[in-house]
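First residue of the sequence shown: 113, per my numbering; consecutive thereafter. Just so you know, even glycine gets a beta-carbon here, dropped at the ideal spot from N, CA and C.
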Amino acid sequence: MRRVKEYHKLPAPKLRRYIIANWLADEEMDVCDAIHYYYEKARPRDWCDVGTDAVDLWNRMFKGNRIGDYSPSYGVINGCAAAAAAGVWDTVAEAFGLESEYVQLTLAHWYEQNWEGEPPKLTWDEFMKLYEIEKAELWKEGDE
């Protein structure tokens, strides 16, 4: 792949391939910046997907220093992805005066039910109804 001055304009899959192929050779590329652009464009929705992709990207970039599944390094990368996701959930929940755990469960279950294709849009009233159901269900489980 030839060097690209404006790597940030590449679509996510091409940018990922460009990073892997050129991160050492392209002196003009800011590798951290390129990886940041890649993840902004790729937009994985689940922290598990982010962690898995990050490990795979590392293993492709650093072939002689691979991260094994469930190794301490794998745990650090996935832990960072989970912490970033939790921070987003907390911020959204705090903005609306809700509890983060229930916001996450509500949207996770809504998303899982609509896994195939484009999930339907939720109104605020529909979201709050699902939120209250999640909250009641979790409380019920805690009583058992």
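Would you give the residue range spanned by the alpha helix (DSSP H) that residue i belongs to?
i, result
"Tyr149", "143-154"
"Ile189", "184-208"
"Thr235", "Looking at the DSSP string, Thr235 is not in any alpha helix (DSSP H), and its letter there is neither H nor E."
"Glu224", "212-225"
Could you check if residue i is buried or exposed, using at least 16 other CB atoms within 10 Å of its CB as the buried criterion?
i, result
"Asp138", "buried"
"Leu250", "exposed"
"Gly176", "exposed"
"Gly187", "exposed"
"Gly229", "exposed"
"Ala146", "buried"
"Ala193", "buried"
For residue i, which residues from the same chain have a beta carbon less than 7 Å from its beta carbon, with the 5 sequence-adjacent residues on both sides left out?
i, result
"Trp170", "Ile179"
"Thr218", "Phe239, Leu242, Tyr243, Glu246"
For residue i, which residues in the same chain have their Cβ closer than 6 Å to its Cβ, ignoring the five residues on either side in sequence?
i, result
"Ala166", "Ile189"
"Asp202", "Ser212"
Who are the near neighbours of residue i in its chain, counting only those whose CB is closer than 8 Å to its CB and skipping five residues on each side?
i, result
"Met173", "Ile131, Ile132, Trp135"
"Met113", "Any reading at Met113 needs caution, since the residue's pLDDT is 48, under 50, leaving its predicted position unreliable; the model's value is listed next. Answer for Met113: Arg129, Tyr130, Ala133, Asn134, listed in chain order."
Tell me, please, whether the region 174-184 touches the region 208-221 by the rule of three or more beta-carbon pairs shorter than 8 Å. no
Any contact between the region 196-206 and the region 148-156? By contact I mean 3 or more CB pairs, one from each, below 8 Å. no
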